[in-house]
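Asker: So that we are looking at the same thing, I have put the structure below in C-alpha cells.
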Amino acid sequence: MNKVKPARLLLPLALLLALAQAAAAQTNARQALASLPDSQAVLYVNAHRVVHDVMPRVMPPADYAKMLKEAQQFGFDVRGLDYLAVGARLAEPAPANNLPEFVVVLHGNFNADTLLALGRVAAGSQNISPRRETYGSKTLEIIDLQSIGKKPDGADGQGEPKSSPMPYPEVAVMALDANTLVAGVPAYVRALVDAAEGRGALKSSMVDLAARDPQALWSLTVEPPPALIDYLHKFGAPSNKEFDEMIDWVKQVSLAQGLDALNYTMSASLLTDSPEHASAFSGLVRMGLLAAQTGLSSEAAKLKPSDKSYAQARAALDAIKTFVNRTEGNTLLLSFSVPQKVVHDLVRNEMGPKRAAQTTAPRRRGRARRR
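Numbering-wise, the numbering used here puts 399 at position 129 of the sequence shown, and it's gapless, one number per residue.
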C-alpha cells in the first residue's frame, strides 16, 4: 500500500481551511445585514479583516501601532471590532433638507453598556441630558442635537440666542445586546428593534446581493427609489426616454471589495427586472471595456518605466485582463482583481511623499547679530 505523503495533504487542507473561513465570513455578513430594518441602501464593513488583514499591510508599522495605542487610551481595542453595518432610507414625507434617515450598528468584543455609561458621563460634562425612552424590550437614549447647536445668550452680539443648523434634530443610541451598539435617527432605531424581533427586516434580495462575496472587506448595496429619475432630472440630468427606461430596468445594485489569499478583488452585481435586460447591460459593459483597454494601451505605450504613472497604467491594464462580465438569470455580475503586492506598493508610494512632508520640519534661520 502506498503511503500518502504529508506534503500532498497540505494543499487540500489549505483549501478546506480557506473555504471554511469564507463560509464563516459570509454567515457573519448575512446575520449582520439580516438584523437591519428595511432600507434603500446598506453598507457592510468587515472591520475585523480591515484592522487585522489590510491595515498592517498598507500602513507603516509605527503608524499602525500608534493608532492602536491611541484607541486603547480611551479603553477601546480596535482589534476587537467585528463589523459595521449602516442603513439609509428616504423618509416619507421628505424633510426640508432632503437628507435620508440613517442607522449605524457596531459589533465587537466591547461592552456596549459600559460604552453607553461612559458616553453619558461625557455628555453630562457638556451639560447634555439625553432623555430615555422604552421601546419594546430596549431602552433608547435620545439626544436633542438642536439644543447642542444653540449658542448662549449674547453670543451674536444682539443679546438673542442664535442656533447653528443641525442636519438631524435628534439622534438615538442604544445597546442592542451586550456587544452591539446602535445609533441613528430615532424612528430608524425603533425600526431596527422591530427587525430584531422579526418585523420589517431587510429584504432577502438585498441581503443576498450584499453578502454575495464571502471575501468582501466591504459592500454597498442600493435599491434605487421609484422617484430616482425625477431626482436626476431635478439635479440637471437631461430627459431621455431610452435612458429613463434603462434606469427603470435596475432594481438593485451592489459593489464590494474583497481580499483573498493573493489578490484584492472588486465586484459589482446588478439585479434587473429580466434576463434580457441583464444581457443588454452586459453588452454595454463589453463595449466600454474594449474602449478603456484600447485607450489605456495607447497611453501606456507613451510612458517610460521611470514615469510616475507607469506603474498605475500597467496595473490598470493587468486588472482589465482579469475582468469577468457574465449574467446569471436577471443579474449582471462584474469583477476584476489586482495582486496584493501591486496595491500595497501603490498605497505606499502615495503615502510616502505625504509622510515625508509631515515629518520634515522647516529649518529655522538664526537672526543676524548686529555688530
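We put the CB at the ideal spot given by N, CA and C, even for glycine.
Over the uninterrupted alpha helix (DSSP H) stretch that includes ARG469, give me the two end residues.
Answerer: Taking the sequence shown and counting its residues from 1, one reaches residue 469 at position 199. Element bounds for ARG469: n/a, residue is neither H nor E.
Asker: Determine the DSSP secondary structure at LEU573, reduced to helix, strand or coil.
Answerer: In the sequence shown, the residue the question calls residue 573 occupies position 303. Here LEU573 sits in coil by DSSP.
Asker: How many Å lie between TYR580 and ALA311 at the Cα?
Answerer: For the purposes of this step, residue 580 is taken as residue 310 along the sequence shown, with counting starting at 1. For the purposes of this step, residue 311 is taken as residue 41 along the sequence shown, with counting starting at 1. Whole-angstrom Cα-Cα distance: 37 Å.
Asker: How long is the line joining the alpha carbons of MET621 and ARG460, rounded to whole angstroms?
Answerer: The count along the sequence shown starts at 1 and reaches residue 621 at position 351. The count along the sequence shown starts at 1 and reaches residue 460 at position 190. About 42 Å.
Asker: Who are the Cβ neighbours of PHE380 in its own chain at under 7 Å, not counting the five residues just before and after it?
Answerer: By one-based count along the sequence shown, residue 380 stands at place 110. Result list for PHE380: PHE346, GLY350 and ASN449, in chain order.
Asker: Go ahead and pull the three-state DSSP assignment for MET621.
Answerer: Counted from its first residue, the sequence shown places residue 621 at position 351. Three-state DSSP puts MET621 in a helix.
Asker: Which same chain residues end up closer than 8 Å to THR542 when comparing Cβ atoms and leaving out the 5 residues on each side of it in sequence?
Answerer: Counting from one through the sequence shown, the residue named residue 542 turns up at place 272. Cβ neighbours of THR542 beyond the five flanking positions: TRP519, VAL520, LYS521, ALA548, PHE551, ASN600, THR601 and LEU602.
Asker: Measure the alpha-carbon distance for ALA586 versus ASP530 and round it to whole angstroms.
Answerer: One-based indexing of the sequence shown puts residue 586 at position 316. One-based indexing of the sequence shown puts residue 530 at position 260. In a straight line, the C-alpha of ALA586 is about 19 Å away from that of ASP530.
Asker: I need the straight-line Cα distance from LEU354 to ILE413, nearest angstrom please.
Answerer: For the purposes of this step, residue 354 is taken as the residue at position 84 of the sequence shown. For the purposes of this step, residue 413 is taken as the residue at position 143 of the sequence shown. If I take the Cα positions, the gap works out to 22 Å.
Asker: By DSSP, does TYR353 sit in helix, in strand, or in coil?
Answerer: In the sequence shown, the residue the question calls residue 353 occupies position 83. Three-state DSSP puts TYR353 in a strand.
Asker: Per DSSP, what kind of secondary structure is ASN381 in: helix, strand or coil?
Answerer: Residue numbering aside, residue 381 sits at position 111 when the sequence shown is read from its first letter. Three-state result, ASN381: coil.
Asker: With 16 other CB atoms within 10 Å as the buried threshold, where does GLU362 fall?
Answerer: The residue labelled residue 362 in the question sits at position 92 within the sequence shown. With fewer than 16 other Cβ atoms within 10 Å, it is exposed.
Asker: I think MET436 touches LEU415, with their Cβ atoms under 8 Å apart; what is that distance to the nearest whole Å?
Answerer: Within the sequence shown, numbered from 1, the residue matching residue 436 stands at position 166. Within the sequence shown, numbered from 1, the residue matching residue 415 stands at position 145. With a Cβ gap of about 4 Å, MET436 and LEU415 count as contacting.
Asker: Name the DSSP bridge partner or partners of SER395?
Answerer: Against the sequence shown, residue 395 aligns to sequence position 125. Beta-bridge partners assigned by DSSP to SER395: none are found.
Asker: For GLU340, report the span of its alpha helix (DSSP H) as first-last.
Answerer: Indexing the sequence shown from 1 puts residue 340 at position 70. Start and end: 331–342.
Asker: Report yes if the CB atom of VAL463 is closer than 7 Å to the CB atom of LYS408, and no otherwise.
Answerer: In the sequence shown, the residue the question calls residue 463 occupies position 193. In the sequence shown, the residue the question calls residue 408 occupies position 138. Yes, the Cβ-Cβ distance between VAL463 and LYS408 is below 7 Å.
Asker: What residue range is occupied by the uninterrupted alpha helix (DSSP H) comprising VAL328?
Answerer: Here residue 328 corresponds to residue number 58 of the sequence shown, with the count starting at 1. Run containing VAL328: 325–328, per the alpha helix (DSSP H) assignment.
Asker: With 7 Å set as the bound, which would you pick, yes or no: does the beta-carbon of VAL443 sit closer than that to a beta-carbon of chain D?
Answerer: Structure shown: chain D not included; a single protein chain is present.
Asker: So what's LEU559 in DSSP terms, helix, strand or just coil?
Answerer: The residue you call residue 559 lines up with position 289 of the sequence shown. In the displayed model, LEU559 falls within a helix according to three-state DSSP.
Asker: Would you mind reading off the limits of the alpha helix (DSSP H) that contains PHE513?
Answerer: In the sequence shown, the residue the question calls residue 513 occupies position 243. Start and end: 511–519.
Asker: What's the C-alpha gap between LEU590 and LYS572?
Answerer: The residue labelled residue 590 in the question sits at position 320 within the sequence shown. The residue labelled residue 572 in the question sits at position 302 within the sequence shown. A small fix is needed here, since residue 590 is Ile in this sequence, not Leu. For ILE590 and LYS572, the distance between alpha carbons rounds to 19 Å.
Asker: Using the Cβ count rule (16 or more neighbours within 10 Å means buried), how would you classify SER568?
Answerer: In the sequence shown, residue 568 corresponds to position 298, counting from 1. By the 10 Å Cβ count, SER568 comes out exposed.
Asker: May I have the straight-line CA-CA distance separating ARG584 from THR592, to the nearest angstrom?
Answerer: In the sequence shown, the residue the question calls residue 584 occupies position 314. In the sequence shown, the residue the question calls residue 592 occupies position 322. Using only the alpha carbons, I get a separation of about 13 Å.
Asker: Could you tell me the alpha carbon to alpha carbon distance between VAL613 and GLU411, rounded to whole angstroms?
Answerer: Start at 1 with the first residue of the sequence shown, and residue 613 comes out as number 343. Start at 1 with the first residue of the sequence shown, and residue 411 comes out as number 141. Cα to Cα, the separation comes out at about 43 Å.
Asker: Specify the secondary structure class of THR597 as computed by DSSP and reduced to three states.
Answerer: Taking the first residue of the sequence shown as 1, we reach residue 597 at position 327. Of the three classes helix, strand and coil, the one that applies to THR597 here is strand, per DSSP.
Asker: Pop quiz: ASP483 and SER537 are said to be a contact at Cβ under 8 Å. What is the actual Cβ separation, rounded to whole angstroms?
Answerer: As a position in the sequence shown, residue 483 is number 213, starting the count at 1. As a position in the sequence shown, residue 537 is number 267, starting the count at 1. About 6 Å; that satisfies the 8 Å criterion.
Asker: Pick from LEU369, TYR438 and TRP488: whose alpha carbon is nearest that of ALA526?
Answerer: What you label residue 526 is simply residue 256 of the sequence shown in a count that begins at 1. For the residues LEU369, TYR438 and TRP488, the minimum Cα distance to ALA526 belongs to TRP488.
Asker: To the nearest angstrom, report how far apart ASN397 and LEU479 are at their CA atoms.
Answerer: On the sequence shown, residue 397 is found 127 positions in, with the first residue counted as 1. On the sequence shown, residue 479 is found 209 positions in, with the first residue counted as 1. Spanning the two alpha carbons is a distance of roughly 44 Å.
Asker: Comparing alpha-carbon positions, which option in TYR501, SER309 and ALA387 lies nearest ALA471?
Answerer: For the purposes of this step, residue 471 is identified with residue 201 of the sequence shown, where counting begins at 1. Comparing Cα-Cα distances from ALA471 to each of TYR501, SER309 and ALA387, the minimum goes to SER309.
Asker: Which partner residues of ASN533 appear in the DSSP bridge assignment?
Answerer: Stepping through the sequence shown from its first residue, residue 533 is reached at position 263. Paired residues: PRO609.
Asker: According to DSSP, what are the bridge partners of ASP414?
Answerer: Along the sequence shown, one-based indexing puts residue 414 at 144. Answer by DSSP bridge pairing, in chain order: GLU440.
Asker: Nearest-angstrom Cα distance between ALA292 and VAL492?
Answerer: Mapped onto the sequence shown, residue 292 falls at position 22. Mapped onto the sequence shown, residue 492 falls at position 222. Summary for ALA292: the model assigns pLDDT 45, below 50, so the residue's position carries little reliability; its value from the coordinates is reported in the next sentence. Spanning the two alpha carbons is a distance of roughly 24 Å.
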